[in-house]
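A quick write-up on the structure given underneath.
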Amino acid sequence: MNILESILQQMSGISQSQKKILVILFSTILLVYGKVNFTNLSRYSSLSEKTYRRHFLKKFNFSEFHQCFIKKALNSEQTIIAAIDCSFIKKKWQKD
0 MNILESILQQ MSGISQSQKK ILVILFSTIL LVYGKVNFTN LSRYSSLSEK
50 TYRRHFLKKF NFSEFHQCFI KKALNSEQTI IAAIDCSFIK KKWQKD
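Right, dumping it as structure tokens:
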């Protein structure tokens, strides 16, 4: 069992089918060439575009997932630094 599957097992309120879809989704995102959309996801995986659309309507607690992932991936004795990318702020030379 890899780290992703073990984190999803710990999280509550996730069905077995949703866990399966999420494992496929996260591994497929790493393989997709170009934009990550439902069409490309279905092209690079065994799931259909309709399946991705249906499962994206379901709620998923990403904050709990990220917390569990950080706890598993990092040693608690290490210093953790967070960074934010502010590239969404318009530059002086960009027009509205």
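For the sequence shown, numbering that gives the first Met the number 0 puts the final residue at 95, and the numbers step up evenly by one.
All residues carry an ideal CB built from backbone N, CA and C; glycine is no exception.
As the structure is a computational prediction, the values presented were derived from the model and not from experiment.
Secondary structure of Phe59 (DSSP, three-state): coil. Burial of Leu40 is indicated by the presence of at least 16 other C-beta atoms within 10 angstroms of its C-beta.
Counting only residues of its own chain and dropping the five nearest sequence neighbours on each side, Phe37 has a CB closer than 6 Å to the CB of Glu48, Tyr51 and Arg52. Straight across, the Cα-Cα distance linking Gln77 with Gln66 is about 15 Å.
Tyr51 carries a helical assignment under DSSP once its states are collapsed to helix, strand and coil.
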